[in-house]
Every structure is written in C-alpha cells, then in structure tokens.
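Going by the working numbering, the first residue of the sequence shown is number 429, and it counts up by one from there. Don't be surprised by glycine CBs; every beta carbon is placed ideally from N, CA and C. A short write-up of the structure that comes next.
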Amino acid sequence: VRFRSDVTVKLVRSLADDEGVVQAARVSYEGENTPSAEAEGLINFLMRNKHGSPFEHNSMTFYIEAPIFVFREFHRHRIGWSYNEESARYKKLEPVFYIPGRERKIVQEGKAGTYTMVSGDEEQWEYVEGLSEWSYKNSYRMYTRLLEEGIAREVARNVLPTGIYSSMYATCNARSLMAFLALRTDDPSAAFPSKPLREIAMVAEQMEDLWTEQMPLTAQAFKNQRRVAP
Ligand SMILES: Cc1cc2nc3c(=O)[nH]c(=O)nc-3n(C[C@H](O)[C@H](O)[C@H](O)COP(=O)(O)OP(=O)(O)OC[C@H]3O[C@@H](n4cnc5c(N)ncnc54)[C@H](O)[C@@H]3O)c2cc1C
Numbered sequence: 429v430r431f432r433s434d435v436t437v438k439l440v441r442s443l444a445d446d447e448g449v450v451q452a453a454r455v456s457y458e459g460e461n462t463p464s465a466e467a468e469g470l471i472n473f474l475m476r477n478k479h480g481s482p483f484e485h486n487s488m489t490f491y492i493e494a495p496i497f498v499f500r501e502f503h504r505h506r507i508g509w510s511y512n513e514e515s516a517r518y519k520k521l522e523p524v525f526y527i528p529g530r531e532r533k534i535v536q537e538g539k540a541g542t543y544t545m546v547s548g549d550e551e552q553w554e555y556v557e558g559l560s561e562w563s564y565k566n567s568y569r570m571y572t573r574l575l576e577e578g579i580a581r582e583v584a585r586n587v588l589p590t591g592i593y594s595s596m597y598a599t600c601n602a603r604s605l606m607a608f609l610a611l612r613t614d615d616p617s618a619a620f621p622s623k624p625l626r627e628i629a630m631v632a633e634q635m636e637d638l639w640t641e642q643m644p645l646t647a648q649a650f651k652n653q654r655r656v657a658p
C-alpha cells in the first residue's frame with residue numbers, strides 16, 4: 429500500500445493558443461489576419477465584455493491522478509468537458525491512497541458555509557495519519573480478499589474508500605477551463621472568491637499553470653478581470 433499527498437496533472441495534448449482566440453473573434457467581420465500587437469488588447473476586450481465563444485476554439489487534454497473524492501467534484505463540471513476515467517470494473521485498482529500533507533489545514537472552525545480551516549495540532553495529525561493508514565490498509569486487504577474469493581472487481585471495490593487514487597483524461601477548452609478555475613481555485617484577488625476543497629484546488633492550480641504556458645495572454649486577461657470567466 430502506497431500513500432501520497434500530491435496529485436499528478438499533465439497536459440497530454442493541446443491545440444490551444446492566443447492566436448486562435450483572436451482569429452475566432454475577427455473571422456466574422458475582418459477575415460483571419462490580425463497583427464499580433466493587437467491580440468492582447470482584443471483578448472482583454474473579449475474577456476471584459478464576456479464575449480466567451482472565441483475562447484472555445486481550442487482544446488486541451490489533461491491526464492490527472494487524484495483521489496476519487498476529487499473526481500466526484502470534478503465531474504460536476506459538465507459544460508465543455510469530456511472525461512474518461514479508469515474503471516474499477518475492468519481492472520484491479522492499485523493500492524495508492526491519499527493522506528493530506530502537513531501543510532493542509534485539517535480543522536474546521538465556524539458554521540457550515542462560513543467556516544474557516546485551521547491547522548491541526550500534533551495529536552490531531554497523528555489521528556489523521558494513523559487512522560487513515562489503518563483504514564486504507566484494512567480496506568485494501570478486504571478488497572484483495574474478496575477478489576481471491578472469486579468476487580467480481582465491480583463488487584469487491586465496494587469496500588474501498590474515496591481516498592483511493594484514480595486517473596482520468598479530462599478535455600476542455602479555455603472557456604470551460606476558466607469557469608472551472610473560477611470555482612476551484614482559492615484566490616483572494618477573485619471578484620467572486622471561492623473556497624474550494626484543497627485537493628481539487630491542487631489539481632486546478634497545476635492545470636492553470638499548464639494552460640498559462642499555452643495561452644499566456646488569455647490567462648493574463650482572466651486575471652485582469654479578477655477571474656470572472658467570460
Ligand atoms: C465551493 C463549492 C462548494 C460546492 N458544494 C456543493 C455541495 O455541497 N453539493 C453539491 O451538490 N454541489 C456542490 N458544488 C458543486 C456546484 O454546485 C456545481 O455543480 C459545480 O461547481 C459545477 O459548476 P457549474 O454547474 O457552473 O459547471 P458546469 O456544469 O460546467 O456548467 C457551466 C455553466 O453552464 C450553465 N449550465 C450548466 N448546466 C445548466 C443547466 N442544467 N441549466 C442551466 N444552466 C446550466 C451554468 O451557467 C453553469 O454555470 C460546490 C461547488 C463549489 C465550487
């Protein structure tokens with residue numbers, strides 16, 4: 429049994445650049461040639477005025493490894509997203525489980541909806557780490573036992589917790605990615621700050637970095653508009 433505190437995010441395929449946004453915006457009335465010096469201003473104009481469709485003419489496919497509880501939240505993003513996730517019916521799941529890193533805040537203070545997260549003390553950490561390890565090991569042992577008894581994978585997996593890692597391909601465009609990032613990152617500069625689960629934010633932050641490399645002007649315009657998706 430292996431324990432992890434991180435997530436994996438890779439950009440496996442991309443057809444995405446700032447030029448594509450400019451071309452999509454201009455094609456309807458000017459043809460496709462726009463000097464790149466104008467691109468930054470135009471992209472900011474589109475973002476500011478919520479002209480969203482020029483940001484859809486691109487595609488990025490991410491490979492993501494994260495605990496299943498992250499994917500449960502991720503798959504709620506329906507529009508402009510395609511998913512394929514590893515199957516626990518067709519393959520035996522690997523014994524890889526999530527335990528939060530010590531930098532994660534683990535204690536909730538305040539009422540539901542308005543609570544803040546604070547760091548745990550040493551004893552609380554020992555509970556989180558010790559009981560998680562115990563529970564994961566036992567669950568995986570029971571899973572293996574059921575498989576040894578000839579039980580189908582799709583039934584045996586019922587005993588596994590949502591802290592087990594899964595993997596998926598997620599394909600989106602820049603517009604759907606921005607809608608996702610607005611909700612799944614915790615950024616004080618945002619016009620509408622969100623308080624996402626830390627673990628999905630860890631995925632979102634890496635996706636944003638990879639996207640920024642592909643579409644730096646668009647990513648900057650999103651920041652300029654205080655992370656309001658067009
Ligand atoms: C901090 C946080 C806490 C959350 N807590 C909970 C929770 O406790 N329980 C829970 O169930 N979910 C929860 N969610 C999930 C949330 O309700 C959304 O399902 C999720 O964020 C996906 O957002 P979305 O619907 O905007 O995305 P998408 O499905 O990608 O939709 C994008 C946009 O398309 C439009 N759209 C999509 N579908 C429709 C439709 N059927 N009708 C009209 N317009 C549509 C909307 O404008 C929408 O914003 C939480 C999300 C966050 C960020």
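Under the three-state reduction of DSSP output, E514 falls in the coil class, being neither helix nor strand.
Excluding five sequence positions before and after L575, the CB atoms of its chain that fall closer than 6 Å to its own CB belong to A584, given in chain order. Distance from the C-beta of S622 to the nearest heavy atom of ligand 1 is below 8 Å. Under the DSSP assignment, V583 falls in the alpha helix (DSSP H) whose first and last residues are 581 to 584.
Distance from the CA of I507 to the CA of E636, rounded to the nearest whole angstrom, comes to 18 Å.
In the DSSP annotation of this structure, the continuous segment of the beta strand (DSSP E) that includes T489 starts and ends at 487 to 495. Uninterrupted alpha helix (DSSP H) stretches at least 4 residues long and entirely within the region 584 to 619 occur at 602 to 612, given in chain order. R441 is positioned such that its CB atom lies closer than 9 Å to that of S487.
For the options A516, V435, H479, the alpha carbon positioned closest to that of R454 is the one of H479. In the structure shown, the three-state DSSP call for V524 is strand.
Ranking C600, R517, S622, G541 by CA distance to the CA of A610 puts S622 first.
With 16 or more neighbouring CB atoms inside 10 Å of its own CB, R603 falls in the buried class. In the DSSP assignment, S563 falls within the unbroken alpha helix (DSSP H) covering 550 to 576. A distance criterion of 8 Å places the beta-carbon of A632 beyond contact range of ligand 1, judged by its closest non-hydrogen atom. Residue environment for R655: buried (at least 16 other C-beta atoms within 10 angstroms of its C-beta).
If the five residues before and after K533 are omitted, its C-beta is found closer than 8 Å to the C-beta atoms of M545, V546, S547, G548, R626, all from its own chain and listed in chain order. With contacts defined as CB atoms closer than 9 Å, Y491 and V437 qualify as a contacting pair.
Contact annotation, Y571 with E493: C-beta distance approximately 19 Å; criterion of less than 8 Å not satisfied.
In this structure, DSSP gives Q653 a state outside helix and strand, which the three-state scheme calls coil.
In the structure shown, the three-state DSSP call for V449 is helix. Residue pairing for V546: DSSP places it in a beta bridge opposite V535.
The continuous stretches of beta strand (DSSP E) do not include R530, and DSSP gives it neither H nor E. Taking E484 as the centre and dropping the five residues before and after it, the same chain places the C-beta of N601, R603 closer than 6 Å to its C-beta, in chain order. Within 10 angstroms of the beta-carbon of R612 lie 16 or more other beta-carbons, which makes it buried.
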